[in-house]
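Visitor: Residues 1 to 110 (full-length UniProt numbering) are what the sequence shown spells out, left to right. Ideal Cβ placement from N, Cα and C applies to all residues, glycine included. One structure follows; several queries about it will come next.
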Amino acid sequence: MKYLLLAVGDERPWAEAGPQERHALYAEWGRFEAMLAERRAHHGGFELAPSPTATTVRKHGGQVLITDGPYAETVEQISGYVVVEAASMEEAVELAGQMPSDVHVREIAG
Numbered sequence: 001m002k003y004l005l006l007a008v009g010d011e012r013p014w015a016e017a018g019p020q021e022r023h024a025l026y027a028e029w030g031r032f033e034a035m036l037a038e039r040r041a042h043h044g045g046f047e048l049a050p051s052p053t054a055t056t057v058r059k060h061g062g063q064v065l066i067t068d069g070p071y072a073e074t075v076e077q078i079s080g081y082v083v084v085e086a087a088s089m090e091e092a093v094e095l096a097g098q099m100p101s102d103v104h105v106r107e108i109a110g
């Protein structure tokens, strides 16, 4: 089964991080992705642009409403995602526990 691991968190620390801090975090992500590749569990994923660059499209009463910014006005935002292959939700959660961020785990339907 495939699972979507959504990286979530406060974007401010990343925005305020210097080059060395960003390099260290990218290295953590590199180790995580190497572990997934070794287990043949990695099926793609990407870092997302900061949430203020998002456009939200909502449908309401037959109308399409477009607004600048993320869907929800919260501190925690989705910063990226990884698709993994796992035998069970428990295994997907175990993999998610090794991500260098907080994670929302969802089974991919279908």
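Please report how far the alpha carbon of Ala92 lies from the alpha carbon of His43, in whole angstroms.
Guide: 13 Å
Visitor: For Leu65, count the other beta carbons within 10 Å of its own beta carbon; 16 or more makes it buried, fewer makes it exposed. Which is it?
Guide: exposed
Visitor: Measuring alpha carbon to alpha carbon, tell me which residue in Lys2, Glu21, Pro50, Glu38 is nearest residue 117.
Guide: This structure cannot speak to residue 117, because the chain is shown only from 1 to 110.
Visitor: For Phe32, which residues in the same chain have their Cβ closer than 7 Å to its Cβ, ignoring the five residues on either side in sequence?
Guide: Gln98, Met99, Pro100
Visitor: Within 10 angstroms of the Cβ of Val84, are there 16 or more other Cβ atoms? Answer buried if so, exposed if not.
Guide: buried
Visitor: Where in the UniProt domain "YCII-related" (1-100) do unbroken runs of the beta strand (DSSP E), each at least 3 residues long, occur, reported from the N-terminal end onward?
Guide: List check, beta strand (DSSP E) in window: 2-10, 42-47, 55-60, 63-68, 76-85.
Visitor: To the nearest angstrom, report how far apart residue 111 and Trp29 are at their CA atoms.
Guide: Residue 111 is absent from the model: the chain starts at 1 and stops at 110.
Visitor: Using CA coordinates, which residue listed in Leu95, Thr56, Ser79, Pro52 is at the minimum distance from Met35?
Guide: Leu95
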